[in-house]
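*Asks:*
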Amino acid sequence: MAVALFTVLFFFLVPLLVNSTSPALNDDVLGLIVFRAGLTDPQSKLTSWNEDDNTPCNWVGIKCNPNTNRVTELVLNGFSLSGHISRSLLRLQFLKILSLSRNNFNGTINPLLAQLRSLHFIDLSENSLSGSIPDELFRQCGSLRAISLARNDLFGSIPDSLSSCSTLEAVDFSHNQISGSLPSEVWSLTRLRSLDLSYNLLEGEIPSGIHNSFHLREVNLRNNMIVGRIPEDIGGCLLLKSLDLSQNSLSGALPESLKKLSLCTSLSLSGNLFTGGVQNWIGNMRSLQSLDLAANNFSGQIPNSIGDLQFLKVLNFSVNGFTGSLPETLASCVNLLVLDVSMNSLTGSLPQWIFNMGLRSVSLSGNKLTGRMDFPTLISKPAAYQSLLIFDVSSNALFGEIPSVIGSFRNLLLLNMSWNDLNGSIPASIGELKTTKVLDLSSNRIHGSIPSEIGGAVSLQELRMETNFLTGRIPSEIENCSSLTSLILSKNNLTGPVPIAIANLTDLITIDLSFNNLSGTLPKELTNLSHLLIFNISHNHFQGELPVGGFFNTIPLSSVSGNPSLCGSAVKHSCPSVHPKPIVLNPNSSANGSSFSSDLHHKRIVLSISALIAIGAAVFIGLGVVVVTVLNLCVRNTMPPSAAPFALSRDGDLSHSATTNSNSGKLVMFSGDSGGFVAGNNALLNKGNEVGRGGFGTVYQTALQDGRPVAVKKLNISSLIKSQEVFEKEVKKLGEIRHRNLISLEGYYWTPSLQLLINEYICSGNLYKHLHEEQSINCLTWQQRFNIILGTAKGLAHLHQANTIHYNMKSTNILIDESGEPKVGDFGLARLLPTLDRYILSSKIQSALGYMAPEFTCPTVKITEKCDVYGFGILLLEVVTGQKPVEYMEDDVVVLCDTVRGALEEGRVEECVDGRLNGNFPTEEAMPVIKLGLICASQVPSNRPDMGEVVKILELIQYPSEGEWI
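Residues in the sequence shown are numbered consecutively from 1, following the UniProt record's numbering.
1. In terms of residues, what are the limits of the alpha helix (DSSP H) holding GLU905?
2. What residue range does the beta strand (DSSP E) around TRP750 cover?
3. ASP41: which of LYS572, HIS798, PHE79 and THR68 sits nearest, CA to CA?
4. Beta strand (DSSP E) containing ILE500: first to last residue?
5. When every heavy atom of the ligand GDP is checked, does at least one fall within less than 7 Å of the C-beta of ARG464?
6. Give the C-beta separation of LEU415 and GLU401 to the nearest angstrom, bearing in mind that I take them to be a contact with Cβ-Cβ under 8 Å.
7. Using the three-state DSSP reduction, which class does PHE173 fall into: helix, strand or coil?
8. Quick one: complete beta strand (DSSP E) runs, 3+ long, within the region 499–555?
9. Considering only the alpha carbon of each residue, which of PHE552, LEU76 and THR506 lies closest to SER569?
10. Count the other CB atoms, across all protein chains shown, that sit within 10 Å of the CB of THR467; report buried if there are 16 or more and exposed otherwise.
11. Thinking C-beta only, is LYS714 closer than 8 Å to LEU756?
12. Secondary structure at LYS581, three-state DSSP: helix, strand or coil?
13. By Cβ distance, which residues of its chain are closer than 7 Å to VAL606, with the 5 residues on each side in sequence left out?
14. In whole angstroms, what separates the C-alpha of PRO406 from that of LEU202?
15. Please name the residue, chosen from VAL869, SER558 and THR881, that lies closest to TYR851 on a Cα-to-Cα basis.
16. Could you tell me which of LEU875, TYR199 and ALA853 sits nearest to SER942, measuring between CA atoms?
17. Could you check what DSSP says for LYS63 in three-state terms: helix, strand or coil?
18. Tell me which residue opens and which closes the beta strand (DSSP E) that ASP27 is part of.
19. What does DSSP give as the partner residue(s) for PHE155 in the beta ladder?
20. Among the candidates LEU917, PRO922, ILE133 and GLU73, whose CA atom is the shortest distance from the CA of SER148?
21. Could you tell me the boundaries of the beta strand (DSSP E) in which ILE814 lies?
22. What is the DSSP secondary structure of HIS770, reduced to helix, strand or coil?
23. According to DSSP, is LEU956 helix, strand or coil?
24. If you run the structure through DSSP and keep just helix, strand and coil, what is LEU929?
25. Buried or exposed for GLN43, going by 16 or more other Cβ atoms inside 10 Å?
26. Check VAL950 in the structure and name its three-state DSSP category.
27. Give the DSSP bridge partners of residue 967, in chain order.
28. State the DSSP-derived secondary structure class of HIS798, mapped to helix, strand or coil.
29. Please list, in chain order, all residues of the same chain as ARG693 whose beta carbon is under 8 Å from its beta carbon, the five residues on each side excluded.
30. Which residue or residues does DSSP assign as beta-bridge partners of THR702?
31. Pull up the distance between the alpha-carbon of TRP281 and that of GLU232, whole angstroms please.
32. Tell whether a beta-carbon distance below 8 Å holds between LEU522 and PRO547.
33. How would you call VAL691, buried or exposed, if buried means at least 16 neighbouring beta carbons within 10 angstroms?
34. What residue range is occupied by the uninterrupted alpha helix (DSSP H) comprising LEU415?
35. Hey, quick one: how far does the alpha helix (DSSP H) through LEU734 stretch, first residue to last?
36. Do SER482 and LEU505 have their C-beta atoms closer together than 8 Å?
Take a look at the structure:
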């Protein structure tokens, strides 16, 4: 109230004061003081702003013209400020630079900023601004040259008036939710040098006329939904240095006019639907330093002219259909650092020239390369040994032994030779890879033992040697690899015990020693591995008792099966115990007979005492039940009736009806235009209005006064909520999270004994109903399922961007609106709890059986967004298969994730797709989607992608001919 009053006085009285004789009250000082008054400054960055100063020129973040002492720059980047950008800045009539990036400013963009005619530069990036970009901002933009609104929550279309701001040189609206098409008028900005609209929701085609912006240096339209072809007149932008059109749905062949872009240094077209071949004219783009055509449908051979790109540093042609061999002319690209041609159909042998070029990253995986795995014994540039960081030749048909010279690549971070036909033994020089973090030799024909020198690879985090013919023991020297998180040696012929040294690798998350000939007892010290999530020793010859404690208290039976001599609760086989020898009584001895009679009498006495104790306990329990029942009845009689008719009045207050004792409460609606609520003739919390129940409460349906329906959740965690202040703070944060795939929180109601959350109402039911309760005639089509998966991923990704974990991903929390769009609900409610206690969380979400990430059972593993990714992975598999995450049969429990993973390993994953689809689904979509679900449901959190990556992958694998599968 004080701030508002001061603002009113400021605008009405300041003109009089400025004309007075007091020089201290000038426009700049007053404008900035009022601006600060509306801000929250948690780090006290603006303490130097003193209203008693005659000039603000010495204040932090302020620069002035030395001749006039008028403010020309206001730069407050990264100050953690929050609040609105108020109109008081209009007093800074000589302001040229306004930069407020990396703060927490919210609200909409004030269109009155356009009245600052002297502004050259506006940077409001990385805040929480919302609403649309005001059209007025550009109608009379003065001398505005650059504007950045990147990384906010802006939506709507690009203003038509943008094209009238002829002075603009740089526009950055990236990382928002801007939709609509790219207006062709934008190319009329003849001074435009940089245009960044990446990571938005733009649709339609790229309009022609781009050649009119002949000053363009950079165009970035990455990660939108743009379709069509690249305009043929793109070649008219002769000064263009960077063109990024990746992660869209562009199609067709590359326009030949691209060859005119002789100054272009970076061309990224990955993640589109381009077809045809890469023509020889690519060699005309001689300034290229980065060429990325990954994840398209290119075919044919890689042209020899690629060798003309002398400045090329990064070449990425991965995930296409290129054939033939790598052109030898690539050896002429003397500046090349990264070569990625993985996931194509390239043939030929392993090129020797790649070892002489000083490359840092080489990925040739997923091709059809043949021949011997040979490294040159003499390299013309010895420094090339030291430069290589990533070497991946997995999934080819290379054979021969692993060259011992591999140890010379001392700076390798990743070495992947898996899924080839390599034989021979592992060279001892493997221990010289002291910086290598990932070593994968799995799925070959390697024999011999694991060399003890493996302990020299001290930086290893992941060691994979499964599915080979390895023999001998697991070397104890492996304990020197102190950073190891994943040890996978399954499906070999290893013998001997598990070395106790493994218990010293405290970072281990995954151990898989299954399908070997290992024996002996398991070291009890393995319980010290506090991060362990997977320990699979199935199908070996272990004996004795399983370790007790930590992870081993909940180890799955499948992880220890196939070891008949193992005992312990996990294998449901008790361990033999040592009993004292029985006392043999002589029936002919009178003394013994007397002793026997005495013992029998003693046992009878003990039995009688035991019986009395049991009877007494039963009586005590019975009395307790009676007392509790009486107390409950007394409490119930002192409380309002359970069917007390709550009504939401027209003035926005929530109260009981006249038949109850009214308790004062607080009702807050986040949108001030609701006009109150009506409950009709029925009570709001009446059983008849109930539409659902969950771990956090019961949901009822009512309506706003304007007729819009809402869902009201009555929380059942009142006893766990600390205070009204905590409740309101957290609920308001949840209310600020808005996305088309998230249920909107409209408001809340608070009393100490009753808390209600008011959400938007979706009438079409939840995903569980559509999957498991609808008749087969209403079976969801494949396209509907894919849209549900993608929409849910987008909603969850937005939730994670808002630093909020859902904690309760399941199909009953995904609602489907009338258009088939999914909306994620019940998110972030765990934030209402005083602490994220795992017991409380698991009890609240116990209904989400099968969706719960394994880290919930491990007290030492941090709960992060990756637990939501796990739940999403299970949800994805549920949508594709139509099966519940866990099914209880008569004699068995079927876990969906295990079933699908097993089918994938056996090559029959297509059988997992919901049979009600009758084969009406694109295999090109379904198979990658299922694999993505399994990756998301990985037992190891670090192996799961984040939701932003999941969205990109889903958009990448979406089959283009959508109409065919409806």
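No residue lacks a Cβ here, since even glycine has one placed at the ideal position from N, Cα and C.
None of the values given here were measured: they were computed from a predicted structure.
*Replies:* Looking at the coordinates:
1. That run of the alpha helix (DSSP H) goes 896–905.
2. From DSSP, the beta strand (DSSP E) with TRP750 extends over 745–751.
3. Among LYS572, HIS798, PHE79 and THR68, the Cα nearest to that of ASP41 belongs to PHE79.
4. Counting along the chain, ILE500 falls outside any beta strand (DSSP E), and DSSP gives it neither H nor E.
5. This structure lacks the ligand GDP; in fact it carries no ligand of any kind.
6. The pair is not a contact, with the Cβ atoms about 15 Å apart (cut-off 8 Å).
7. Here PHE173 sits in coil by DSSP.
8. Annotation note: the region 499–555 contains the following uninterrupted beta strand (DSSP E) runs of length 3 or greater, listed N- to C-terminal: 510–512, 517–520, 534–536 and 541–545.
9. Nearest option by C-alpha distance: PHE552.
10. With at least 16 other beta carbons inside 10 angstroms of its own, THR467 counts as buried.
11. With contacts defined as CB atoms closer than 8 Å, LEU756 and LYS714 qualify as a contacting pair.
12. Only weak support is given to the placement of LYS581: the predicted model assigns it a pLDDT of 40, under 50, and the value that follows is read from those uncertain coordinates. Note: LYS581 maps to coil in three-state DSSP.
13. Per-residue confidence for VAL606 stands at a pLDDT of 38, beneath the threshold of 50, marking its modelled position as unreliable; the derived number appears in the next sentence. Here the set comprises nothing.
14. According to the sequence shown, residue 406 is Ile rather than Pro. When rounded, the separation of the alpha-carbon atoms in ILE406 and LEU202 is 48 Å.
15. Nearest C-alpha to TYR851: VAL869.
16. The candidate whose alpha carbon is nearest that of SER942 is ALA853.
17. Shown here, LYS63 sits in a strand according to DSSP, grouped into three states.
18. For ASP27, no beta strand (DSSP E) segment is defined; the enclosing uninterrupted segment is the alpha helix (DSSP H) at 27–37.
19. DSSP output for PHE155 lists SER132 and GLN177 as bridge partner(s).
20. Out of LEU917, PRO922, ILE133 and GLU73, the CA that lies nearest to the CA of SER148 is found in ILE133.
21. Per DSSP, ILE814 belongs to the beta strand (DSSP E) from 814–816.
22. Residue state, collapsed to three classes: helix.
23. Residue state, collapsed to three classes: helix.
24. Sequence inspection shows Val at residue 929; the Leu mentioned does not correspond to that position. The answer is helix: DSSP assigns VAL929 an H, G or I state.
25. Around the beta-carbon of GLN43, fewer than 16 other beta-carbon atoms lie within 10 Å, marking it exposed.
26. Helix at VAL950.
27. Because the chain here runs from 1 to 966, residue 967 falls outside it and cannot be looked at.
28. Here HIS798 sits in helix by DSSP.
29. If we look at ARG693 and ignore the five residues flanking it on each side, its Cβ neighbours are VAL699.
30. In the DSSP output, where bridge partners are listed per residue, THR702 has VAL710.
31. Taking the straight line joining both Cα atoms gives about 15 Å.
32. For LEU522 and PRO547, yes; Cβs fall inside 8 Å.
33. Around the beta carbon of VAL691, fewer than 16 other beta carbons lie within 10 angstroms, which makes this residue exposed.
34. Here LEU415 belongs to no alpha helix (DSSP H); instead the beta strand (DSSP E) covers 414–416.
35. Unbroken alpha helix (DSSP H) run through LEU734: 724–735.
36. Going by C-beta atoms, SER482 is nearer than 8 Å to LEU505.
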